[in-house]
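Here the working numbering is used: the first residue of the sequence shown is 39, the next is one more, and so on. For each residue, glycine too, the CB sits at the ideal point set by N, CA and C. It should be emphasised that the depicted structure is a prediction, and the values quoted were computed from it without experimental measurement. Okay, so here's the structure we're looking at.
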Amino acid sequence: MTHSGPKTPLEARKSGALSGRVRVPGDKSISHRALILGAMAVGETRISGLLEGEDVLNTAKAMQALGARVERQDGGVWSVRGVGVAGFATPEKPLDFGNSGTGCRLAMGAVAGSPITAIFDGDASLRTRPMRRIFDPLEQMGARCCEAAGGDRLPLTLEGARDPVPIVYRTPVASAQIKSAVLLAGLAAPGTTTVIEKEWSRDHTELMLQHFGADVTSSPDGAHGRKISLKGQPELKGADITVPADPSSAAFPMVAALIVPGSEIVLADVMTNPLRTGLIKTLQEMGAKVDVLATRNNAGEPMAEFRVRTSRLRGVEVPPERAPSMIDEYLVLAVAASFAEGTTTMRGLQELRVKESDRLAATVAMLRANGVKVEVAGDDMIVEGCGHVRGGGLVETHMDHRIAMSALMMGLAADTPVKVDDTAFIATSFPDFVPMMQRLGATFS
Ligand code: S3P
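Here you go:
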């Protein structure tokens, strides 16, 4: 999203008990992948429950600009008619991914296997984020990044490979975006493309590739790592996808219910892929009453209904190897840690510095503005909880949806209201966040 209009501030104040049952919107990671793989498949892909947030809508537009037919049909089902592996057409205009690193980076991988040239661009936040980590392996596969602002940033021009080559790639950081970009480019290469990661990152791309008919295998590598191999040049066949609710969005009402006294809420259809549930595990270690009421399976992705009740939380230590399974949740975990008794130490947070904003710095600023003691030591963050939060702070959102939502959750239980300077970016991932939280009993003004 490009931020041109006036800012839209909002204040959250101490609320009565939260109650009710909600289904947060569809998972963002799965929504991007469904559109991209649908665009690379032959035949029709029908997607229900797609997240209709700005990040995903930008990916839909990009897939259309690359030649796929993407339509929203009556009843909210999205239909994608793909062009086949390596079948993308040269887009007429630069592809604008707005605020979304995932949309942009996965699309770079997808485009790298087609013999076309495309310009990738985004908003002021996305333009600050590192892209070499993506185009480095893509260049090894035969694509070329002809031009990139500052050598590593958007806008950048990518020339896809005429004869893509399969590679064996060790990712320098555990990142599902890097892994996915290499695998998507590997679809067009003859032979086997292999990605090895030190820590296992979310595997939605692997699961969905299998769902579309590709041959992907994955085996352990080292203590926490994984080796993933893909046989190139499959015929991907359009498939039906139902997108489960996003655990990274469910994290906000979940933490709110834990910290607002007397609350009891139910969160429906939350995706529980074990590579995404680090926050739930951590909250349970802190003493959170988060119970599974029912579970079911959905095209390889498990999901569950959770009941969440207000809990006395205690500080814990979060190990670095858990980071990939909760990388987007540290902001809201820091909010929970602020209301806990004792010290919460979160280790190995270096990747937070290169998200939609520098989330390490932003978390520290959010907590300090509201009277919470917090320190950063190297790549670790240490929050001193004392059971309650003074509040009263103004939090800058830095074009980052998750900062805005985390700060607002803090305000629902703080002694005095918490204000955010801009809520506009919440629409990138959770369009109905404010009304949904209000239905549960949240007080905003
Ligand atoms: C995502 C991967 C994560 C995450 C992002 C979504 C994905 O990034 O922060 O919000 O869908 O692959 P990294 O894999 O780069 O850590």
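Near ligand 1: residue i beta-carbon under 6 Å from a heavy atom
i      : result
Gln178 : no
Gln322 : no
Thr315 : no
Asp366 : yes
Gln215 : yes
Ser67  : yes
Thr383 : no
Thr140 : yes
Beta-carbon spacing of residue i, residue j below 7 Å
i      : j      : result
Val445 : Val456 : It should be noted that the sequence gives Ala, not Val, for residue 445. Yes.
Pro340 : Thr315 : no
Thr46  : Ala462 : yes
Ile373 : Ala289 : The residue you asked about is not Ile; residue 373 is Val in the sequence shown. Cβ distance not < 7 Å, so Val373 and Ala289 don't count as in contact.
Val412 : Ala452 : no
Ala214 : Arg240 : yes
Leu133 : Gly160 : no
Met496 : Ser163 : An answer regarding residue 496 cannot be provided, because it is not within the stretch 39 to 483 covered by the chain.
His242 : Ser67  : yes
Cys270 : Ala227 : The sequence as given places Gly at residue 270; Cys does not occur at that position. The answer is yes: Cβ separation under 7 Å.
Met419 : Met447 : no
Leu268 : Thr231 : yes
Glu49  : Ser483 : yes
Cys142 : Phe126 : no
Ala378 : Gly353 : yes
Pro129 : Ala156 : yes
Val308 : Leu450 : no
Rounded distance between the beta-carbons of residue j and residue i, thought under 8 Å
i      : j      : result
Gly423 : Ala375 : 5 Å
Ile205 : Met179 : 6 Å
Leu144 : Leu222 : 6 Å
Val115 : Met101 : Not really, about 16 Å apart at Cβ, beyond 8 Å.
Ser349 : Gly380 : Not a contact, Cβ separation roughly 14 Å.
Val304 : Glu343 : 6 Å
Val211 : Glu389 : 6 Å
Ala106 : Ala150 : Contact flag wrong, Cβ pair sits at about 17 Å.
Leu7   : Leu351 : Since the first residue of the chain shown is 39 and the last is 483, residue 7 is not available in this structure.
Phe173 : Cys184 : With 8 Å as the limit, Phe173 and Cys184 do not qualify as a contact, their Cβ atoms being about 10 Å apart.
Leu56  : Ser286 : With a Cβ gap of about 19 Å, Leu56 and Ser286 do not count as contacting.
Lys327 : Val356 : The pair is not a contact, with the Cβ atoms about 19 Å apart (cut-off 8 Å).
Bridge partner(s) assigned by DSSP for residue i
i      : result
Pro258 : Arg264
Asp134 : Asp159
Leu196 : Ala156 and Cys183
Lys327 : Arg347
Thr46  : Paired residue(s): none; Thr46 is not in a bridge.
Lys411 : Glu422
Lys502 : Look at the range of the chain in this structure, 39 to 483, and you will see that residue 502 is not part of it.
Val60  : Leu305
Met384 : Val356 and Met419
Asp278 : Arg84
Ala471 : Per the sequence presented here, residue 471 reads as Phe, with Ala not at that position. For Phe471, which the question treats as bridged, DSSP gives no partner whatsoever.
Practice item. Say whether the region 419–433 touches the region 451–470, bearing in mind that this needs 3 or more beta-carbon pairs closer than 8 Å, one atom from each stretch. Key: Touching, yes.
Review point. Just checking, does the region 85–96 make contact with the region 353–364 on the three C-beta pairs under 8 Å criterion?
Key: The answer is no - the region 353–364 does not touch the region 85–96, with fewer than three Cβ pairs under 8 Å.
Check your understanding: Counting Cβ pairs closer than 8 Å, one from the region 190–200 and one from the region 228–241, do we hit at least three?
Key -> Verdict: no, contact absent.
**Study point:** Inter-stretch contact (C-beta, 8 Å, three-pair minimum) for the region 274–293 and the region 52–71
**Key:** Yes, since at least three Cβ pairs between the region 274–293 and the region 52–71 fall closer than 8 Å, the two stretches touch.
Practice item. Report yes or no: do the region 395–408 and the region 240–258 share at least 3 C-beta pairs separated by less than 8 Å? Key: Contact fails: fewer than three Cβ-Cβ distances are below 8 Å.
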